[in-house]
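Input: a single structure, listed below in structure tokens.
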Amino acid sequence: MEYFWFVMILVLSFIELITINLVTVWFVASAIVAWILSFFDIPFAVQFAVFVVLGIVLLITTRKQLTKWLNKTKHKTNLDRVLEMTGVVTKEITKNENGEVKVDGKRWTAVADKKIEVGATVKILRIDGVKLVVEEEKD
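Residue numbering for the sequence shown follows numbering that gives the first Met the number 0, starting at 0 and increasing by one per position.
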């Protein structure tokens, strides 16, 4: 049975490599445990039960953490990039009327809680639909 588990480890590892979606990594680990058990003349039914149960337990308990750890480098989209940047007001912004801000080489419609004059430097707080919500930077 050692060969069965060894082949199972190879096949599951190959599937994981070609899918890259964390599909079989837990069952690779449980197959390794079952492979180790096979060296101690433990019945195949017990080895298989350990393989299935351990694989499911690992899947349930570690998938979220492993996915989070592997995806911690989040690439900012075009929208996310402008957050926290500074821009220059190109069309006056008032409390009741949209203005325009140039940030990162692009012009955006912008809104603010108070009047901001043309030429003022603003900080982008968030994006609301297709408008930037800005506040004037304090010198």
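Where a beta carbon is used, it is the ideal one built from N, C-alpha and C, also for glycine.
Discussion item. Quick check on Thr-93: does DSSP put it in helix, strand or coil?
Written reply: coil
Discussion item. If we define contact as Cβ-Cβ less than 8 Å, is Ala-111 a contact residue for chain C?
Written reply: Looking at the structure shown, chain C is missing, and only one protein chain is on hand.
Discussion item. Between Trp-34 and Phe-5, how many whole angstroms is the CB-CB distance? I'm expecting something under 8 Å.
Written reply: 6 Å
Item to complete: Would you please state the rounded distance, in angstroms, between the beta carbons of Val-133 and Val-117? I believe it to be under 8 Å.
Response: Not confirmed; about 13 Å, so no contact.
Item to complete: Determine the direct distance from the alpha carbon of Ile-92 to that of Ile-115, and round the result to whole angstroms.
Response: 5 Å
Discussion item. Just to confirm before moving on: does the CB-CB distance between Ala-88 and Gly-98 stay below 8 Å?
Written reply: It is worth fixing the name first, because residue 88 is Val in this sequence and not Ala. In this structure, Gly-98 lies closer than 8 Å to Val-88 by Cβ.
Worksheet entry | Distance between Glu-135 and Lys-113 (C-alpha atoms, nearest Å) | 9 Å
Worksheet item: Excluding the five sequence neighbours on either side, which residues of its own chain have a C-beta within less than 8 Å of the C-beta of Thr-85, listed in chain order?
Response: Val-102, Thr-120, Val-121, Lys-122, Ile-123, Glu-136
Discussion item. Please report the distance separating the alpha-carbon of Asp-127 from that of Glu-15.
Written reply: 40 Å
Fill in: Nearest residue (CA-CA) to Gln-46, options Thr-23, Asn-20, Leu-21, Met-7
Met-7
Discussion item. Please tell me whether Leu-21 and Arg-80 are closer than 8 Å, where the distance is taken between their beta carbons.
Written reply: no
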